[in-house]
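The listed protein sequences correspond, in order, to chains A and B.
Sequential numbering from 111 applies to the first sequence in our numbering.
Sequential numbering from 1409 applies to the second sequence in our numbering.
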Amino acid sequence: MAQWSDLIVKKLFDSGVDAHDLSGLKPGMTGQDFEAALGLFLRRSEAFEQIRDLIPLTSRVPGVSGPQTQTWYDNVASTFERVTEIIHSSLMEEFHYNRLAVSDAKEAYGRLLQMAGLPRGQRLVYATTNYDALGELALLELGARVDTGEPSRLYGGNAMGLDVAGLLEGMGRSTPVLHLHGKAGWYRNKNGLVEVRDVQQHHPSNGTPVVMLPDPAKSYSGNDVLALLWAQFEEAVNNAQKVLVLGHSLHDDQLMRVLKGMPDRKKLAITFWAATESEAAVQLAWLQDQLTRDPSYFAVRFAAKLDPLEWQHLEAWLSSGQRPPTK
Amino acid sequence: MAVERPAAADEVSDDPELPDYPGAATGTGAWLATHGYSLGAAALVVLTALLVWRIMARTSQG
């Protein structure tokens, strides 16, 4: 996340857009600060656009110059637009599949699925807030028949008609992949249809990206594609034998709402990791405060090679439901 | 590399753990089969996130 944050900031500086006051983004932000700042920016941007019709009315205010206010508004609105475009374009650059190291991911997921006794991803629902295709490409390499709702196509080509309805119904034959925040390459065209485009560079002519940008208080309401994916995610979580959260900070209101709504939180396992023991303790305390001690919590790192010592307790939970020892 | 759509909903699953639909072989229960698999038995839901990934081919933009 820090990497993406810094890329956006660099692009903003390079573009000459004086965006710091508007976006609040600056180099070296933590993931959490970045999400909060970006969320605030996106909400402001939307609100600013919504008052467009009101600006001409300011000419009725004594002492206020209507044309000057209009010019100011147009300038700020254009900056908002430019910053949003830069965010979208950096998203494509950062998360396009060409940049992904699929072999590492294959190794990590392969081991994880082996622990879970689901080597080909059968009876697995894979949900992600990532914008990239890394997870599904790794699952594909492992022999899973992944279904993201994208139509058949060859990479390098474009295809119409993303259809994310009924992904769960294919379970057993395929592995449903739920991109809860959308995916790089999903674009809604002027007719409202969502196309799957294989582009490395964002251009406004491609349409509007179907993504939920980072914002702890983000909402998917009003987006039919994302609403369908979230409904299926909630259904899957509520009915699954086990739910594993892998590396998510969970500073996300929508995700927390779903996890807190689980009928039995003992079926839930959450991984977390921090650089120091004291930071890890703070994270764990926050998670337990939010979700109680019912879920199992595991301090593990997810990388190409899963450290057997570090992962032994999670392996026991995955294979037999055994809870980790309490310290 | 092609990403294939899954088989049609009425295709018979090769997963031995999936339930059989009564009468599916004779056609009498076909309407049940077309509704696909009821969700009850997702063995595992994995939720992953952006922050987990350190596995990127390149770590910075040139």
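The beta-carbon is built from N, C-alpha and C at its ideal position, and this holds for glycine as well.
These numbers come from a predicted model, not from an experiment.
Own chain residues within Cβ distance below 8 Å of residue i, not counting five before or after
| i | result |
| --- | --- |
| A:Val-304 | Gly-271, Leu-272, Trp-296, Tyr-297, Arg-298, Val-320, Val-335 |
| A:Gly-245 | Ala-215, Tyr-219, Tyr-236, Thr-238, Val-287 |
| A:Leu-278 | Val-235, Pro-286, Gln-342, Glu-345, Ala-346 |
| A:Val-193 | Leu-122, Val-127, Ala-129, Leu-132, Ser-133, Phe-151, Ser-155 |
Alpha-carbon to alpha-carbon, residue j and residue i
| i | j | result |
| --- | --- | --- |
| A:Gln-142 | A:His-361 | 8 Å |
| A:Asp-308 | A:Leu-247 | 15 Å |
| A:Pro-434 | A:Tyr-183 | 57 Å |
| A:Pro-418 | A:His-289 | 29 Å |
| A:Val-212 | A:Ala-414 | 10 Å |
| A:Asp-374 | A:Glu-159 | 43 Å |
| A:Arg-170 | A:Ala-187 | 21 Å |
Min CB distance residue i to chain B below 9 Å
| i | result |
| --- | --- |
| A:Ala-327 | no |
| A:Met-322 | no |
| A:Arg-433 | no |
| A:Lys-293 | no |
| A:Arg-375 | no |
| A:Gln-351 | yes |
| A:Ala-147 | no |
| A:Val-127 | no |
| A:Met-281 | yes |
| A:Leu-252 | no |
Sequence-distant residues of its chain with Cβ nearer than 7 Å to residue i (five each side left out)
| i | result |
| --- | --- |
| A:Leu-249 | Tyr-219, Gly-231, Tyr-236, Val-256, Thr-285 |
| A:His-291 | Thr-239, Tyr-241, Val-321, Met-322 |
| A:Ala-327 | Gly-149, Asp-363 |
Boundaries of the beta strand (DSSP E) in which residue i is found, first to last residue
| i | result |
| --- | --- |
| A:His-289 | 285–289 |
| A:Ser-406 | 406–409 |
| A:Tyr-297 | 292–298 |
| A:Ala-237 | 234–238 |
Limits of the alpha helix (DSSP H) - the one that residue i falls within
| i | result |
| --- | --- |
| A:Pro-418 | 418–430 |
| A:Ala-146 | 141–160 |
| A:Glu-345 | 334–349 |
| A:Ala-387 | Note that residue 387 of chain A corresponds to Glu in the displayed sequence, not to Ala. 387–401 is the span of the alpha helix (DSSP H), which, as asked, contains A:Glu-387. |
Nonlocal neighbours in the same chain, by C-beta distance under 6 Å from residue i, ignoring five residues either side
| i | result |
| --- | --- |
| A:Ala-337 | Tyr-330 |
| A:Leu-167 | none |
Minimum Cβ-Cβ distance from residue i to chain A less than 9 Å
| i | result |
| --- | --- |
| B:Thr-1436 | Only weak support exists for where B:Thr-1436 lies, its pLDDT of 36 falling under 50; the value from the coordinates is given anyway. It does not; no Cβ of chain A falls within 9 Å. |
Quiz item: Which residues, in order along the stretch 384–405 of chain A, keep a beta-carbon less than 9 Å from a beta-carbon of chain B?
Solution: none
Practice problem: Please list the residues of the stretch 340–371 of chain A that have a C-beta atom closer than 7 Å to any C-beta atom in chain B, keeping them in chain order. | Solution: Within the stretch 340–371 of chain A, the qualifying residues are Glu-345, Ala-346, Val-347, Asn-349, Ala-350, Gln-351, Lys-352, Val-353, Leu-354, Val-355, Leu-356, Gly-357, His-358, Ser-359.
Quiz item: Which residues, taken in chain order from the stretch 164–186 of chain A, show a beta carbon closer than 8 Å to some beta carbon of chain B?
Solution: none
Exercise. Anything in the stretch 226–240 of chain A with a Cβ closer than 9 Å to a Cβ of chain B? List those residues in chain order, please.
Key: Ala-226, Gly-227, Leu-228, Gln-232, Arg-233, Leu-234, Val-235, Tyr-236, Ala-237, Thr-238, Thr-239, Asn-240
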